[in-house]
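**Q**
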Amino acid sequence: MLMACLLGTARLAFAEPCQAPGENTAPVVVELERPNVPNRRSRPEGDVQASMQDEELARWNIGGNGDPSYLSSRPRFHPGARVVVDARVLGAWARRGSVASVERLVQARARSKGYWPLRVCYEAALRRDPKLTVDHLVRLSATRAGRVRAVHAVRALQDAELQSCLSDKVLGLELRELPARRIDAELRIRFWPGDVPLPAWDPGSDPSLDPPELSASLGRADRLWQAARSQLVACAEQGWRRDPKLWGRIAFWVEYGDSGTVAALHQFETHFPDPDVSACVQGVVGALVLPEKPGSPLVFALRVGTPAAPAEPKPQQATEQSPELVSAAGAALTGLT
Numbered sequence: 037m038l039m040a041c042l043l044g045t046a047r048l049a050f051a052e053p054c055q056a057p058g059e060n061t062a063p064v065v066v067e068l069e070r071p072n073v074p075n076r077r078s079r080p081e082g083d084v085q086a087s088m089q090d091e092e093l094a095r096w097n098i099g100g101n102g103d104p105s106y107l108s109s110r111p112r113f114h115p116g117a118r119v120v121v122d123a124r125v126l127g128a129w130a131r132r133g134s135v136a137s138v139e140r141l142v143q144a145r146a147r148s149k150g151y152w153p154l155r156v157c158y159e160a161a162l163r164r165d166p167k168l169t170v171d172h173l174v175r176l177s178a179t180r181a182g183r184v185r186a187v188h189a190v191r192a193l194q195d196a197e198l199q200s201c202l203s204d205k206v207l208g209l210e211l212r213e214l215p216a217r218r219i220d221a222e223l224r225i226r227f228w229p230g231d232v233p234l235p236a237w238d239p240g241s242d243p244s245l246d247p248p249e250l251s252a253s254l255g256r257a258d259r260l261w262q263a264a265r266s267q268l269v270a271c272a273e274q275g276w277r278r279d280p281k282l283w284g285r286i287a288f289w290v291e292y293g294d295s296g297t298v299a300a301l302h303q304f305e306t307h308f309p310d311p312d313v314s315a316c317v318q319g320v321v322g323a324l325v326l327p328e329k330p331g332s333p334l335v336f337a338l339r340v341g342t343p344a345a346p347a348e349p350k351p352q353q354a355t356e357q358s359p360e361l362v363s364a365a366g367a368a369l370t371g372l373t
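Under this note's numbering, read the sequence shown as residues 37 to 373, first letter to last.
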């Protein structure tokens, strides 16, 4: 039955549905993304909103299914970068009986106010080194009003750009009212990669500034992509009938030859849970012929199904993720490639 479904992408739009007793017959949700240039996508202007979009895209890139052992189904799955901030009060306050309550106060406010700014710094470094882990110590002095007046690193990081960014973000923390004219504290800031690679993005890119020739090529590619929708839906339905919880994103990086035919293609950043669906989509993408060679490689992507709602983020309650568990998650992901 499966072989009958896979016989030639040109016939998929007209083939009879492949169905066995007990298979899912509900319609599959398929969203076609507009073709774009690799690493060149629109992002929100705000750093936090852009980071949240990256995390959502990372979730789609790994996808999910009805298997409870699949990476995204595991209880501790976390696609975004992990951030842990701990505080220790220094100086005179460290010798007082109330030091624990002051440390809790500084730590809670450093976590709630610093999580996203610090994470944005780390994610920029993570694009330079996808396996980067960080354990950084900084000392600060804050006023009674909670304004940080001085920051210095206890030890230097190899990534000087990351260190500078972290120091700037700590200096900008608003810790609100503190119980003394001056509070000196040490922050231990730790980062680990998420369970899914951070989606690629070129910081210097802006799709709105594409030259007219490239914009025209992308428009032609999009019309061709939309015309193949019925074939792509047929591909998705193969997996959807077997597993109604199947969802995820499939993207292909495509190189075109001078004649406008596909010269080479490979899956780009995505690890769709059903390889048969991915292979079917690859066949459709490989048959897309443009009138002429575009001025750049193109990425064709689609999203299948609907993901389960992610757990609500609680950055101020972040807990340590051991390197061993991070390594295990990375090994699981490697097995899907």
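Glycine included, C-beta positions come from ideal geometry on N, C-alpha and C. In this text the structure is predicted, and so the values were computed from the model without any measurement.
#1: Rounding to the nearest angstrom, what Cα-Cα distance links Ser134 and Val142 in this structure?
#2: Looking at the structure shown, is Arg140 part of a helix, part of a strand, or coil, going by DSSP?
#3: Output yes or no for whether 7 Å exceeds the beta carbon distance between Val120 and Arg226.
#4: I need the straight-line Cα distance from Gln199 to Asp310, nearest angstrom please.
#5: Going by DSSP in three states, Trp276 sits in which element: helix, strand or coil?
#6: Quick check: the Cα distance between His236 and Ala94, rounded to an integer number of angstroms?
#7: Could you pull out every residue in the same chain whose Cβ sits closer than 6 Å to the Cβ of Ala264, ignoring the five residues on either side in sequence?
#8: Just list the alpha helix (DSSP H) runs in the stretch 302-336, keeping only unbroken ones of 4 residues or longer that don't cross its boundaries, in chain order.
#9: If distances are taken between C-alpha atoms only, which option among Val187, Pro280, Pro247, Phe336 comes closest to Val290?
#10: What residues match up with His225 in a beta bridge as DSSP calls it?
#11: If we count the other Cβ atoms within 10 Å of its Cβ and call it buried at 16 or more, is His114 buried or exposed?
#12: Just the Cα atoms here: how many angstroms apart are Leu168 and Gly230?
#13: Starting from Leu68, trace the beta strand (DSSP E) both ways and give me its first and last residue.
#14: Determine the DSSP secondary structure at Ala181, reduced to helix, strand or coil.
#15: With a threshold of 8 Å, are at least 3 pairs of Cβ atoms found where one atom belongs to the stretch 238-245 and the other to the stretch 191-211?
#16: Using CA coordinates, which residue listed in Ala136, Trp283, Pro327, Pro233 is at the minimum distance from Asp90?
#17: Counting only runs that start and end within the stretch 237-297, where is the alpha helix (DSSP H) found for 4 or more residues in a row?
#18: At what residues does the alpha helix (DSSP H) containing Ala344 begin and finish?
#19: Whose C-beta lies closer than 7 Å to the C-beta of Pro71 among residues of the same chain, with five residues either side of it excluded?
#20: Per the DSSP calculation, Ala186 is bridged to which residue(s)?
#21: Around the C-beta of Arg112, are 16 or more other C-beta atoms found within 10 angstroms, so that it is buried, or is it exposed?
#22: Kindly indicate which residue of Pro153, Ala144, Gly99 has the alpha-carbon position closest to the one of Ala86.
#23: What does a CB cutoff of less than 6 Å around Asn101 pick up in its chain, not counting 5 residues either side in sequence?
#24: Please report how far the alpha carbon of Pro74 lies from the alpha carbon of Ile219, in whole angstroms.
**A** Concretely, from the data shown:
#1: 13 Å
#2: Here Arg140 sits in helix by DSSP.
#3: With contacts defined as CB atoms closer than 7 Å, Val120 and Arg226 qualify as a contacting pair.
#4: C-alpha separation (whole angstroms): 41 Å.
#5: DSSP places Trp276 in the helix class (H, G or I) of the three-state scheme.
#6: The sequence shown places Ala at residue 236, rather than the His named in the question. Their backbone Cα atoms lie some 10 Å apart in a straight line.
#7: Val320
#8: 311-322
#9: Phe336
#10: Residue identity check: residue 225 is Ile in the sequence provided, not His. For Ile225, which the question treats as bridged, DSSP gives the partners Val121, His172.
#11: buried
#12: Their backbone Cα atoms lie some 11 Å apart in a straight line.
#13: 66-68
#14: coil
#15: no
#16: Pro233
#17: 248-263, 265-278
#18: Per DSSP, Ala344 belongs to no alpha helix (DSSP H) and is neither H nor E.
#19: The answer, listed in chain order, is Leu254, Ala257, Asp258, Trp261, Leu334, Val335, Phe336.
#20: Ser177
#21: Its Cβ having fewer than 16 others within 10 Å, Arg112 is exposed.
#22: Checked all of Pro153, Ala144, Gly99; the closest Cα to Ala86 is Pro153.
#23: Asp279, Lys281, Leu282, Pro309
#24: Using only the alpha carbons, I get a separation of about 48 Å.
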